[in-house]
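**Student:** First, the structure itself, so that you have it in front of you.
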Ligand SMILES: *Cc1c(COP(=O)(O)O)cnc(C)c1O
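Numbering (my numbering), first residue to last: -1 to 439.
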């Protein structure tokens, strides 16, 4: 179909996510994706430096993954997962359990990050009910956290500020401070001590009423790429577990090498009760999610009747093609070449931020593995709605760079296949965009 006809149809019939249709620029019509490059209907190339919403791990169209999907499609496209099982789901569960710390052995599949969190919250509550504990009914989350767009996930992420129109739908969740930090932050120890003291006070008062706590480990993504130290995460998890609270790590974004190690929990040396995975799980090709639980959590659902079972599931739970993609993606991820590439991306990020250290529009520089971020000073206008966001986005788009600032936070999260030359193009484009913005102010 001709590009113009498609664009007219899009404008008439498509409702895009997280978009104000009245003011948004016309979206490029992407025809092809290869590695880091997206090609639009006019033949223009866009460098995908945010891994298409943090999903694409090994570049677009990786033949090892697309081949696995094609082969799986020929033998078994889909099958109900209640009462049936299949090889890709079984093998993927085994591999995920093998990559997680010891007790995290049980994989509950769903199909996106929000449902992975929703499953953890529901299982976290029913766990206590199945144990006959009716006191634990509260949930705890952390300031600036984002966990997805379904009701439970929104409730846990209410402090992110995305969900004001839905306030009446949300259930109350206790929100604890985190200790976001950056390069050269001298107040980090004091912030951490304060946040931990607040957590201690809360757990003293409500620990025995709390069913589960959910936290994004090391990097809070949608909340603005806010990073905290592994020591802080470990201290938080230790306190929660000492209070008997189930700990859910939302690794939907941080999983699969984003922060350096395969999972962020490794950096902190913690063993949570549940881990939520999605985005990178299939290398960013098909929607699959997993909530990995400990044997202890799983076993609380055993019994003679259906009443203690976990009555939750989605039509496309454990889709065979997605699971096959996940296996192929894991092979690529666990290859030493990928780890080396991730270290090279991190080194590039650090070099870039060093070179930009004196730029007046670069503050709070921070890197965690393959994720690089900084804040553009926006005065009172910071946050997701910050006016500098759209201005920067337009600059980046004109440069052929797919970089979507979160308000006044500029970040890169490239696929691991990104080349040094592509990273340099991004670095040069960011510098030009900031210089242009500075001239205007
Ligand atoms: C994106 C994200 C989610 C939600 O995942 P969806 O697949 O968009 O539903 C949940 N948690 C975190 C940390 C995320 O980054």
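Beta carbons are placed, not taken as given, at the ideal position from N, Cα and C, and that holds for glycine. In this text the structure is predicted, and so the values were computed from the model without any measurement.
Return the Cβ separation of residue 96 and residue 119 in integer angstroms, given the expectation that the two are a contact with Cβ distance under 8 angstroms.
**Tutor:** Going by Cβ atoms, the distance from residue 96 to residue 119 rounds to 26 angstroms, so no, they are not a contact pair.
**Student:** How big is the Cα-Cα spacing for residue 305 and residue 124?
**Tutor:** Taking the straight line joining both Cα atoms gives about 10 angstroms.
**Student:** Quick check on the burial criterion: 16 or more other C-beta atoms within 10 angstroms. Buried or exposed for residue 73?
**Tutor:** exposed
**Student:** Per DSSP, what are the beta-bridge partners of residue 44 in this structure?
**Tutor:** In DSSP, residue 44 forms a bridge with 36.
**Student:** Considering only C-alpha positions, which residue in the set 23, 22, 18, 42 is nearest to residue 29?
**Tutor:** 42
**Student:** Determine the direct distance from the alpha carbon of residue 20 to that of residue 198, and round the result to whole angstroms.
**Tutor:** Distance between the alpha carbons of residue 198 and residue 20: 47 angstroms.
**Student:** Rounded to the nearest angstrom, what separates residue 391 and residue 357 at their Cα positions?
**Tutor:** 19 angstroms
**Student:** May I have the straight-line CA-CA distance separating residue 185 from residue 255, to the nearest angstrom?
**Tutor:** 28 angstroms
**Student:** May I have the straight-line CA-CA distance separating residue 109 from residue 294, to the nearest angstrom?
**Tutor:** 24 angstroms
**Student:** Over the uninterrupted alpha helix (DSSP H) stretch that includes residue 351, give me the two end residues.
**Tutor:** 334 to 353
**Student:** Quick one: what does DSSP say residue 407 is sitting in, helix, strand or coil?
**Tutor:** strand
**Student:** When the Cα of residue 137 is compared with those of 266, 0, 242, which residue comes out closest?
**Tutor:** Closest option to residue 137, judged by alpha-carbon separation, among 266, 0, 242: 242.
**Student:** Buried or exposed: which applies to residue 424, given that a residue is buried once 16 or more other Cβ atoms fall within 10 Å of its Cβ?
**Tutor:** buried
**Student:** Using 7 angstroms as the cut-off, classify the Cβ of residue 11 as near or not near the heavy atoms of ligand 1, replying yes or no.
**Tutor:** Not under cutoff, so the answer is no.
**Student:** Would you tell me roughly how many angstroms separate the C-alpha atoms of residue 364 and residue 3, rounded to the nearest one?
**Tutor:** 43 angstroms
**Student:** Tell me residue 58's beta-bridge partners as DSSP assigns them.
**Tutor:** 33
**Student:** Go through the stretch 103 to 148 residue by residue and report every complete run of the alpha helix (DSSP H) that reaches 4 residues or more, in order.
**Tutor:** 111 to 128
**Student:** Who does residue 223 pair with in a DSSP beta bridge?
**Tutor:** According to DSSP, which records beta bridges pairwise, residue 223 is partnered with nothing at all.
**Student:** Residue 394 lies in the alpha helix (DSSP H); which residues open and close that run?
**Tutor:** 386 to 396
**Student:** Would you be able to state if there are at least three C-beta pairs under 8 angstroms between the stretch 73 to 85 and the stretch 316 to 330?
**Tutor:** They touch, by the three-pair rule.
**Student:** Near residue 91, which residues of its chain fall below 7 angstroms by C-beta distance, leaving aside the five closest residues on each side in sequence?
**Tutor:** 105
**Student:** Look at the alpha carbon of residue 215 and the alpha carbon of residue 99, and state the distance between them as a whole number of angstroms.
**Tutor:** 15 angstroms
**Student:** At a cut-off of 7 angstroms, is residue 147 close to ligand 1 when judged by its beta-carbon and the heavy atoms of the ligand?
**Tutor:** yes
**Student:** Mind checking which residues open and close the alpha helix (DSSP H) that includes residue 295?
**Tutor:** 293 to 297
**Student:** Hey, residue 261 and residue 267: beta-carbon distance below 8 angstroms or not?
**Tutor:** no
**Student:** With a threshold of 7 angstroms, establish whether the CB of residue 248 neighbours any heavy atom of ligand 1.
**Tutor:** yes
**Student:** Considering only DSSP beta bridges, list what residue 364 is partnered with.
**Tutor:** 371
**Student:** Taking C-beta to C-beta, are residue 289 and residue 117 nearer than 8 angstroms?
**Tutor:** Contact flag set, yes.
**Student:** What first and last residue would you give for the beta strand (DSSP E) that runs through residue 273?
**Tutor:** 272 to 275
**Student:** Any heavy atom of ligand 1 within a distance shorter than 7 angstroms of the CB on residue 409?
**Tutor:** no
**Student:** Ignore the nearest five residues each way along the sequence and tell me which others in residue 59's own chain have a CB closer than 7 angstroms to its CB.
**Tutor:** Taken in chain order, the residues that qualify are 31, 32.
**Student:** Secondary structure at residue 288, three-state DSSP: helix, strand or coil?
**Tutor:** Taken through DSSP and simplified to helix, strand or coil, residue 288 comes out as strand.
**Student:** Relative to the C-alpha of residue 210, which candidate in 332, 291, 327 has its C-alpha closest?
**Tutor:** Comparing Cα-Cα distances from residue 210 to each of 332, 291, 327, the minimum goes to 291.
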